[in-house]
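J.: With the numbering used here, the residue at position 143 of the sequence shown is 383, and numbering never jumps. Cβ atoms here follow ideal geometry from the backbone N, Cα and C, with glycine treated the same way. Only a predicted model underlies this, so the values are computations on that prediction, with no experimental measurement involved.
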Amino acid sequence: MKSLNLAAALVLGTCLSAPAYADHHSPAQEKAAMDLTFERVFASPSLDGPSPRQAKLSPDGRYLTVLRNREDDLARYDLWAFDRETGEWLMLVDSEKVGSGRELSEDEKMQRERARVGNLLGIISYEWTSNGKAILVPLDGDLYLASLDGQVVQVTDTEESELNPALSPHGNYISFVRDRQLWVGEVMGEAAPITPKEGADIRWGEAEFVAQEEMARIDGYWWSPDESRIAVERFDESGVGIVTRAAIGATGTKVFDQRYPVAGSDNAVVELYVMDLNGQNRVKVDLGDNPDIYLARVDWSGNDLYVTRQNREQTVMDILRVDSATGESQVLFTENAAVEDYWINLGSDYKWLDNGNLVWWSERDGYGHLYLLDEAGKTGWTQLTSGEWVVTKLVGVDQRAGRVFFQGTKDGVLEQHVYSVDLANPGAITRLTELGYTHSASMDGKGQTLLISRSNDDRPPQSYIADATGQRLAWIEENALDADHPYAPFLASHRPTKYGTIPAEDGTPLYWEMVTPEMAPGKKYPVYYYHYSGPGPQIVNKGWNGALRQAIVDKGYIWFALDNRGSANRGVAFEQPIYRAMGGVEVRDQKAGAEYLKTLDFVDPDKIAIDGWSYGGYMTLKQLQADPGLYAAGISGAPVTRWELYDTHYTERYMGTPQDDAEAYEAASAIPNATKITDPLLLIHGMADDNVVFENATEVISAMQEANVPFQMMLYPGYTHRVSGEQISPHRYNTVFRFLEHHGVTPPE
Numbered sequence: 241m242k243s244l245n246l247a248a249a250l251v252l253g254t255c256l257s258a259p260a261y262a263d264h265h266s267p268a269q270e271k272a273a274m275d276l277t278f279e280r281v282f283a284s285p286s287l288d289g290p291s292p293r294q295a296k297l298s299p300d301g302r303y304l305t306v307l308r309n310r311e312d313d314l315a316r317y318d319l320w321a322f323d324r325e326t327g328e329w330l331m332l333v334d335s336e337k338v339g340s341g342r343e344l345s346e347d348e349k350m351q352r353e354r355a356r357v358g359n360l361l362g363i364i365s366y367e368w369t370s371n372g373k374a375i376l377v378p379l380d381g382d383l384y385l386a387s388l389d390g391q392v393v394q395v396t397d398t399e400e401s402e403l404n405p406a407l408s409p410h411g412n413y414i415s416f417v418r419d420r421q422l423w424v425g426e427v428m429g430e431a432a433p434i435t436p437k438e439g440a441d442i443r444w445g446e447a448e449f450v451a452q453e454e455m456a457r458i459d460g461y462w463w464s465p466d467e468s469r470i471a472v473e474r475f476d477e478s479g480v481g482i483v484t485r486a487a488i489g490a491t492g493t494k495v496f497d498q499r500y501p502v503a504g505s506d507n508a509v510v511e512l513y514v515m516d517l518n519g520q521n522r523v524k525v526d527l528g529d530n531p532d533i534y535l536a537r538v539d540w541s542g543n544d545l546y547v548t549r550q551n552r553e554q555t556v557m558d559i560l561r562v563d564s565a566t567g568e569s570q571v572l573f574t575e576n577a578a579v580e581d582y583w584i585n586l587g588s589d590y591k592w593l594d595n596g597n598l599v600w601w602s603e604r605d606g607y608g609h610l611y612l613l614d615e616a617g618k619t620g621w622t623q624l625t626s627g628e629w630v631v632t633k634l635v636g637v638d639q640r641a642g643r644v645f646f647q648g649t650k651d652g653v654l655e656q657h658v659y660s661v662d663l664a665n666p667g668a669i670t671r672l673t674e675l676g677y678t679h680s681a682s683m684d685g686k687g688q689t690l691l692i693s694r695s696n697d698d699r700p701p702q703s704y705i706a707d708a709t710g711q712r713l714a715w716i717e718e719n720a721l722d723a724d725h726p727y728a729p730f731l732a733s734h735r736p737t738k739y740g741t742i743p744a745e746d747g748t749p750l751y752w753e754m755v756t757p758e759m760a761p762g763k764k765y766p767v768y769y770y771h772y773s774g775p776g777p778q779i780v781n782k783g784w785n786g787a788l789r790q791a792i793v794d795k796g797y798i799w800f801a802l803d804n805r806g807s808a809n810r811g812v813a814f815e816q817p818i819y820r821a822m823g824g825v826e827v828r829d830q831k832a833g834a835e836y837l838k839t840l841d842f843v844d845p846d847k848i849a850i851d852g853w854s855y856g857g858y859m860t861l862k863q864l865q866a867d868p869g870l871y872a873a874g875i876s877g878a879p880v881t882r883w884e885l886y887d888t889h890y891t892e893r894y895m896g897t898p899q900d901d902a903e904a905y906e907a908a909s910a911i912p913n914a915t916k917i918t919d920p921l922l923l924i925h926g927m928a929d930d931n932v933v934f935e936n937a938t939e940v941i942s943a944m945q946e947a948n949v950p951f952q953m954m955l956y957p958g959y960t961h962r963v964s965g966e967q968i969s970p971h972r973y974n975t976v977f978r979f980l981e982h983h984g985v986t987p988p989e
């Protein structure tokens, strides 16, 4: 594109994004443009358009950097920079030219799986140096420094992968984990281990399995702000039970003895130490007398170290203030479960301010809101936001202006917006984003510039830079749906999404969404009823949900989804009913959705099929068991079938332990009533799954085979919990719809 400076762009309203990717169709593709196939949905270029990741501003604010996926490979990302002074884009690191392409270590593969980026290629993360002159780029297990003149220098070249690489706060040192030790060295100098090597079961500087998988904590070490000390996690997993995980591939099988803490079993023993950069003057942090706790979060504020500690039951969370010189700790405050028979939802929505105060997220009033703790104790706690809605993310804080920025559902649960509130004027909330879209945002460390992504049902994600008032300064990616957009050939058949509510058994409104094909009067249509149903994800929302559902609708099916009680962003009372009762209230709420569908004159009541993955796969089994004949067929992908097989932190949060509540575990299991399934069932599982291990599938397979109960299955050798890819994803969905067609769940002729 033509060079343009930022000021001119603001006046002209010009897009400062890289040129939109063109979709070059062959004549055959043009002829079949109205047919949105699964092959095209998962092919490159992405029908969503360009999808930049990890947008960041350089320390001086001049450059905007993003990871941008390639036109010919939607899963591969390169590093790009936009110069806000010249208006030009530059590819800083081409992942195909710089990387070695060698296979990642098993540790890095599994870490990527737990970070939900296991399907991505090329560059998945990067970090600016503090002086803004270079960028640290991990790639193919090694580390590189990229400068703004296009030069790339390799920092490490070893057979082992460098995990969790980081630059020190002032950019003088580089650190990483290699072979279960933490290494530190000057940038472009020689690094050395600063922790001992103690055997295969003891690791330094890494997060233990449940922290990575369930606590959204990948890091296991933390630099002090002045670069003089490092807090380092040490964990010993010798007491954790071993799951023999067979990664069954197409041409061979690898067997891994994976330390996997199933519900009710021993966790890794976690300790925290503070040490100098050479590993000397090491002190152990006092985490309390009970070793059976979770090290949830670690933060520095000045010379003080703050630790968030959860009890095993996840009903009490202590914030400890630690003397980094001695390791002595004291409880600063305690967060308790909001109501009886509930848990604490662990998040990262808090920030220590320079004056020692703390902006903190809590559900203590029944909804997730922001609070300010006056560390000096003069005013104690001040509630910054309130109401029957939730703050979903703390975006940033402008400490000089005394203003807090956050995402929330104040204007309705189906749209998330960015808001601000003054610390000096709690409750006076200003919305900074436009209605009609759902948004996500991040911010620079000083709270000056917003990086906002937005989308709606009819518009793929757009991203832009905004000032603190929400005024758009420049597009990062406008992603205009023009003639060159990859989705343009399919716009004519794009169908709008409808929303509504139905009451649960206690009267609670349950939100649903529906996309219908073009329907002929008097005809009835089958329903593809998608569900997840578990705690956490909110499925029904007004954001862009990709082309997959449109491809299903193009086949003549109605797309339908409903968020049951237990899902997120509706407050404590909405989540609480699943406590020690998984597979109960969710089944009843989803049944209410099916019964509602059967009242609609355009729905074929005998052709409602359910499909879910992971918790949704578990729910498919439970729904077919609970209500034979209600659904025409069910697809169960990677299901948890018995909660004793799943990990401690997730399972015990909602179910307690098998030792304390065996009846709840028995009631929640999908195994005892598996033989009662009479409706058509398709079971799908990746044969190298390290999250919902393959034993979950084999137990239900065996139970049904031994009882001579018919079902079908599709297993994917070599695939983990993410069965996805340009070829595998179409295979999976073509398999699903062949299964439905075989059992008569088809559109009218």
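For Lys337, which three-state DSSP category applies?
T.: If DSSP states are grouped into helix, strand and coil, Lys337 belongs with the helices.
J.: Please classify Asn809 as buried or exposed, where buried requires at least 16 neighbouring CB atoms within 10 angstroms.
T.: Asn809 should be labelled buried.
J.: Return the Cβ separation of Glu400 and Arg418 in integer angstroms, given the expectation that the two are a contact with Cβ distance under 8 Å.
T.: Confirmed, about 5 Å.
J.: Can you tell me whether DSSP reads Leu624 as helix, strand or coil?
T.: Residue state, collapsed to three classes: coil.
J.: Ignoring anything shorter than 3 residues, give me the beta strand (DSSP E) runs that lie fully in the region 361-399, in order along the chain.
T.: Listed in chain order, the complete beta strand (DSSP E) runs (minimum 3 residues) inside the region 361-399 are 374-379, 382-387, 392-394.
J.: Under 7 Å Cβ to Cβ from Ala431, same chain only, skipping five residues before and after it: list those, please.
T.: The answer, listed in chain order, is Ile414, Trp423, Val424, Gly425.
J.: Where does the unbroken alpha helix (DSSP H) through Glu946 begin, and where does it stop?
T.: 935-946 is the extent of the alpha helix (DSSP H) around Glu946.
J.: Could you round the C-beta distance between Arg694 and Gln702 to whole angstroms and report it? I think they count as a contact, below 8 Å.
T.: With 8 Å as the limit, Arg694 and Gln702 qualify as a contact, their Cβ atoms being about 6 Å apart.
J.: Can you round the beta-carbon distance between Asn309 and Ser335 to whole angstroms, since I take them to be within the 8 Å contact cut?
T.: Not quite, the Cβ-Cβ distance comes to about 10 Å (not below 8 Å), so this is no contact.
J.: Within the continuous alpha helix (DSSP H) that includes Gln830, where are the two ends?
T.: Unbroken alpha helix (DSSP H) run through Gln830: 825-837.
J.: Excluding the 5 residues preceding and the 5 following Ala834 in the sequence, name in chain order all residues of the same chain whose CB lies nearer than 6 Å to its CB.
T.: These residues qualify, in order along the chain: Ile848, Leu870.
J.: How is Met331 classed by DSSP in three states: helix, strand or coil?
T.: Looking at Met331 - three-state DSSP - the assignment turns out to be strand.
J.: Any idea if Pro267 is buried or exposed, counting beta-carbon neighbours within 10 angstroms, 16 or more meaning buried?
T.: Summary for Pro267: the model assigns pLDDT 36, below 50, so the residue's position carries little reliability; its value from the coordinates is reported in the next sentence. With fewer than 16 other Cβ atoms within 10 Å, it is exposed.
J.: Can you tell me whether Gln790 is helix, strand or coil according to DSSP?
T.: The answer is helix: DSSP assigns Gln790 an H, G or I state.
J.: Please name the residue in Ala878, Val949, Asp900, Asp794 whose C-alpha comes closest to that of Leu276.
T.: Closest option to Leu276, Cα to Cα, is Asp794.
J.: Bridge partners for Leu610 per DSSP, in chain order?
T.: Answer is Trp601, bridged to Leu610.
J.: Taking a contact to mean a Cβ-Cβ separation below 8 Å, would you say Leu376 touches Pro405 in this structure?
T.: For Leu376 and Pro405, yes; Cβs fall inside 8 Å.
J.: Using CA atoms only, rank isn't needed, just tell me which of Gly504, Asp466, Gln952, Leu535 is closest to Phe475.
T.: For the residues Gly504, Asp466, Gln952, Leu535, the minimum Cα distance to Phe475 belongs to Leu535.
J.: Going by beta carbon distance, what residues of the same chain come within less than 7 Å of Asn974, once the five residues before and after it are set aside?
T.: Taken in chain order, the residues that qualify are Phe278.
J.: Tell me where the alpha helix (DSSP H) around Val976 begins and ends.
T.: That run of the alpha helix (DSSP H) goes 968-982.
J.: If Ile434 and Leu517 are in contact, beta carbons under 8 Å, what's the gap, nearest whole angstrom?
T.: Indeed, because the Cβ distance is near 7 Å, the residues count as touching under 8 Å.
J.: Just grab the DSSP bridge partners of Ala431 for me.
T.: Beta-bridge pairing links Ala431 to no other residue.
J.: Jot down the residue ranges of each uninterrupted alpha helix (DSSP H) in the region 526-559, minimum 4 residues, whole runs only, in chain order.
T.: Segments of the alpha helix (DSSP H) lying fully in the region 526-559: there are none.
J.: Tell whether a beta-carbon distance below 8 Å holds between Leu612 and Val630.
T.: No. Outside cutoff.
J.: Please report how far the alpha carbon of Ala908 lies from the alpha carbon of Lys686, in whole angstroms.
T.: Cα to Cα, the separation comes out at about 47 Å.
J.: Tell me the DSSP secondary structure of Arg420 in three-state form.
T.: In this structure, Arg420 counts as coil in the three-state DSSP scheme.
J.: By Cβ distance, which residues of its chain are closer than 6 Å to Arg604, with the 5 residues on each side in sequence left out?
T.: Hits under 6 Å: Ala578.
J.: Count the CB pairs spanning the region 828-845 and the region 781-797 that are closer than 8 Å, and state whether there are at least three.
T.: The region 828-845 vs the region 781-797: no contact.
J.: If we count the other Cβ atoms within 10 Å of its Cβ and call it buried at 16 or more, is Glu989 buried or exposed?
T.: That one is exposed.
J.: Going by DSSP in three states, Glu989 sits in which element: helix, strand or coil?
T.: Of the three classes helix, strand and coil, the one that applies to Glu989 here is coil, per DSSP.
J.: In three-state terms, what does DSSP make of Arg882?
T.: It is coil, neither helix nor strand.
J.: Quick one, are the C-beta atoms of Pro217 and Lys916 less than 8 Å apart?
T.: Within the shown structure, residues of the chain are numbered from 241 to 989, placing residue 217 beyond reach of any answer.
J.: Once the 5 residues before and after Gln394 are set aside, which same chain residues still bring their CB inside 7 Å of it?
T.: Around Gln394: Asp382, Tyr384.
J.: For Phe814, does the three-state DSSP call read helix, strand or coil?
T.: Helix.
J.: Sorted by chain position, which residues of the same chain lie with C-beta nearer than 8 Å to Gly481's C-beta, five sequence neighbours on each side aside?
T.: Same-chain partners within the cutoff: Arg499, Tyr500, Pro501, Val502, Ser505, Asp506.
J.: Please classify His982 as buried or exposed, where buried requires at least 16 other C-beta atoms within 10 Å of its C-beta.
T.: Label assigned to His982: exposed.
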